[in-house]
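Working notes, structure below.
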Amino acid sequence: MSDVLDELRYCSTHEWVSSVDKGVVSIGITDHAQDQLGDLVFVELPEVGQVFEAEGECAVVESVKAASDIYSPVSGEVVEVNEALMDSPELVNDDPYGDGWLFKIRITDETELDNLLDADGYREVADA
Amino acid sequence: MTMKTVLNELHRAGGGRMVSFAGWDMPVHYGSQMEEHHTVRQSAGMFDVSHMLVVDLAGERTRPFLQYLLANDVARLQTEGKALYSCMLNQQGGVIDDLITYYLRDDAFRMVVNAGCADKDLAWIKQQAEPFAVTVTPRRDLAMIAVQGPQAREKTLPLLSPVLAKAAAELPVFHAAVHDDWCVARTGYTGEDGFEIMLPEAEAPILWQALADAGVSPCGLGARDTLRLEAGMNLYGSDMDEQCSPLEAGLNWTLAWEPETRNFIGRKALEAKRTAVDNKRFVGLLLEGRGVLRNHQRLFSDGVEMGEVTSGGFAPTLQRSIALARVLPGTGETCTVEIRGKQVPVKVVRPPFVRKGKVCINIEGEKS
């Protein structure tokens, strides 16, 4: 049984979003997602300054098995990416909600968060 | 209908992540594919390969039959237990399957064929065997466990019967020892030393458990694939198939042209292409830029398409991405691979990448 944290919001495509801190949210992939992917070997992150629409393709994670697209859960501009993943993609496996975060976005419209799943909603997706 | 090997319950109990492979419910890993890979390179791991099919061939004319059926020549098998890797070709020279043949006795040979090819192989072999009056017996009653790694042999030998242990301890590479319904072969698909053990199904869970107790780690199909890729060994269905000639799959070394009088299936078609200058080359690739090489990615040289990746992935031993690829004859020492619309540099190298725990290619130069 994988971890789903109550304080985060989720997408059915297995990304998580933190609560808003000074207009910025952190984004990563869920414990369930990393478990399904297996050992990660490469992460392609967006560039700081890139602007994404909600559900836009914004990153790629590759495991020993396959490559998976990551979709931005919300609209906004990338303000920071997790550079540590360039050399240590396994951080996503080891700590998907902590050191394995992918990037941070300055959110355009906070009401978009209301469209996302809460922890219980995501648990149903992950268990399906 | 998904098939299960006799070890299926042990895989599930051991935390195996199960996937469907060639119609079989098999473990892809037991937690970390990467760790399993390193375990085989550094100590010893075991794989359930019972989904592969053992086919026994019997009859006075088995040897001439195999000399007709296979592109490699079983005349090379003169001592009991010796093994031979070969392609089985169709009349057009395409690869029906790649397999290992063991010489057991003068009137008895054994073949081990790929799980995904088992049904068509069996039909083909039976059809070809008829004029030779060779009996073809699929041995679904046998399980098969591969124990691989630098410590594989020392950990396995004490678990065998005394007679078999003595014979197995003395086995040269690519030879097998047989006792009753057990067959221990010093073969594998990882680039490491070890055994592949064929044994009665009922005894397989006992051996699996005993190996685990001896410190041999269960490994899944995921690690099996990255290990064989590093070892530069072809994967049927990815690196070659019925539409592909062994001449373009790096398998020239398995074609026995001499004696010229030996007529094997596919010979005529291959001879016509044997010295063709437009035969594609089968090469290794080392990714110089960032990303991961994957099957079917396209390769370019100065904007001209040169070929494609036939099997690619991440090589845990090298911590780099590598691949096997089929390219046009003019391909140089470097080219680019298209990954998500971008051209990423790759170096063309000669496989294997890793054998016996040692890196065999030059991986100097930092990742860009």
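Protein sequences, first through last, are from chains A and B.
Position 117 of the first sequence, counting from 1, maps to 116 under numbering that gives the first Met the number 0, and the rest follow consecutively.
Position 191 of the second sequence, counting from 1, maps to 190 under numbering that gives the first Met the number 0, and the rest follow consecutively.
Don't be surprised by glycine CBs; every beta carbon is placed ideally from N, CA and C.
Starting from the beta carbon of residue i, find every residue of chain B whose beta carbon is closer than 9 angstroms, and list them in chain order.
{"i": "glutamate 111 of chain A", "result": "Correct list: empty, because the minimum Cβ distance to chain B is about 26 angstroms."}
{"i": "alanine 83 of chain A", "result": "Neighbours of alanine 83 of chain A on chain B: none; closest Cβ ~15 angstroms, over 9 angstroms."}
Against residue i, what residues of chain A qualify as contacts under a CB-to-CB distance less than 9 angstroms, listed in chain order?
{"i": "alanine 32 of chain B", "result": "Here residue 32 of chain B is glutamine; the residue named in the question, alanine, does not match the sequence. By Cβ distance, chain A contributes Gly37, Asp38, Ser62, Val63 and Lys64."}
{"i": "histidine 295 of chain B", "result": "What histidine 295 of chain B touches in chain A: nothing, since even the nearest Cβ is about 12 angstroms away."}
{"i": "histidine 50 of chain B", "result": "Within chain A, no residue comes near histidine 50 of chain B; the closest Cβ sits about 19 angstroms away, beyond 9 angstroms."}
Should residue i be labelled buried (16 or more other beta-carbon atoms within 10 Å of its own) or exposed?
{"i": "alanine 255 of chain B", "result": "buried"}
{"i": "glycine 210 of chain A", "result": "The structure shown does not extend to residue 210 of chain A, since chain A spans only 0 to 127, so no value can be given for it."}
{"i": "tryptophan 252 of chain B", "result": "exposed"}
{"i": "threonine 136 of chain B", "result": "exposed"}
{"i": "methionine 0 of chain B", "result": "exposed"}
{"i": "glutamate 109 of chain A", "result": "exposed"}
{"i": "serine 216 of chain B", "result": "buried"}
{"i": "alanine 12 of chain B", "result": "exposed"}
{"i": "serine 367 of chain B", "result": "Legend: pLDDT at serine 367 of chain B = 37, less than 50; position of this residue unreliable, value from coordinates given subsequently. Its Cβ having fewer than 16 others within 10 Å, serine 367 of chain B is exposed."}
{"i": "histidine 295 of chain B", "result": "exposed"}
{"i": "arginine 349 of chain B", "result": "exposed"}
{"i": "asparagine 7 of chain B", "result": "buried"}
{"i": "lysine 355 of chain B", "result": "exposed"}
{"i": "proline 45 of chain A", "result": "buried"}
{"i": "aspartate 192 of chain B", "result": "buried"}
{"i": "isoleucine 28 of chain A", "result": "buried"}
{"i": "asparagine 71 of chain B", "result": "buried"}
{"i": "threonine 78 of chain B", "result": "exposed"}
{"i": "glycine 311 of chain B", "result": "buried"}
{"i": "aspartate 140 of chain B", "result": "exposed"}
{"i": "isoleucine 205 of chain B", "result": "exposed"}
{"i": "glutamine 32 of chain B", "result": "buried"}
{"i": "glutamine 147 of chain B", "result": "buried"}
{"i": "arginine 227 of chain B", "result": "buried"}
{"i": "proline 26 of chain B", "result": "buried"}
{"i": "glycine 249 of chain B", "result": "buried"}
{"i": "glutamate 363 of chain B", "result": "exposed"}
{"i": "serine 18 of chain A", "result": "exposed"}
{"i": "serine 160 of chain B", "result": "exposed"}
{"i": "aspartate 86 of chain A", "result": "exposed"}
{"i": "lysine 154 of chain B", "result": "buried"}
{"i": "proline 328 of chain B", "result": "exposed"}
{"i": "proline 344 of chain B", "result": "exposed"}
Listing by chain order, which chain B residues have their CB less than 8 angstroms from the CB of residue i?
{"i": "phenylalanine 41 of chain A", "result": "Arg289, Gly290, Val291, Phe313 and Ser320"}
{"i": "valine 59 of chain A", "result": "Arg339"}
Would you mind telling me which residues of chain A sit closer than 7 angstroms to residue i, beta carbon to beta carbon, in chain order?
{"i": "threonine 225 of chain B", "result": "Val63"}
{"i": "glycine 187 of chain B", "result": "Neighbours of glycine 187 of chain B on chain A: none; closest Cβ ~20 angstroms, over 7 angstroms."}
{"i": "histidine 28 of chain B", "result": "Gly37"}
Among all the DSSP beta bridges, which residues are the ones paired with residue i?
{"i": "proline 199 of chain B", "result": "B:Leu141"}
{"i": "valine 182 of chain B", "result": "Reading the sequence as shown, one finds cysteine at residue 182 of chain B and not valine. Answer is B:Val177 and B:Met197."}
{"i": "valine 336 of chain B", "result": "B:Leu298 and B:Val343"}
{"i": "glycine 27 of chain A", "result": "A:Trp15"}
{"i": "leucine 56 of chain B", "result": "B:Phe108 and B:Val135"}
{"i": "leucine 323 of chain B", "result": "B:Gly283 and B:Ser310"}
{"i": "proline 217 of chain B", "result": "B:Met45"}
{"i": "tyrosine 9 of chain A", "result": "A:Trp15 and A:Leu116"}
{"i": "tryptophan 23 of chain B", "result": "B:Met2 and B:Phe20"}
{"i": "aspartate 20 of chain A", "result": "A:Val23"}
{"i": "isoleucine 104 of chain A", "result": "A:Val24 and A:Val77"}
{"i": "lysine 357 of chain B", "result": "B:Arg354"}
{"i": "cysteine 86 of chain B", "result": "B:Asp97"}
{"i": "lysine 81 of chain B", "result": "B:His174"}
{"i": "tyrosine 235 of chain B", "result": "B:Met239"}
{"i": "valine 303 of chain B", "result": "B:Ser300"}
{"i": "histidine 370 of chain B", "result": "The structure shown does not extend to residue 370 of chain B, since chain B is modelled only from 0 through 367, so no value can be given for it."}
{"i": "glutamine 147 of chain B", "result": "B:Gly44 and B:Gly193"}
Interface residues of chain A around residue i at Cβ under 8 angstroms?
{"i": "threonine 221 of chain B", "result": "The identity of residue 221 of chain B in the sequence shown is glycine, whereas the question assumes threonine. Simply Gly37, Val63 and Lys64."}
The stretch 3-16 of chain B: positions lying closer than 9 angstroms to chain A by Cβ: Arg16
Length-filtered (3 minimum) beta strand (DSSP E) runs lying within the stretch 88-125 of chain B: 94-104 and 107-112
3 or more residues per run - each beta strand (DSSP E) lying fully within the stretch 35-92 of chain A: 39-43, 56-62, 66-70 and 75-80
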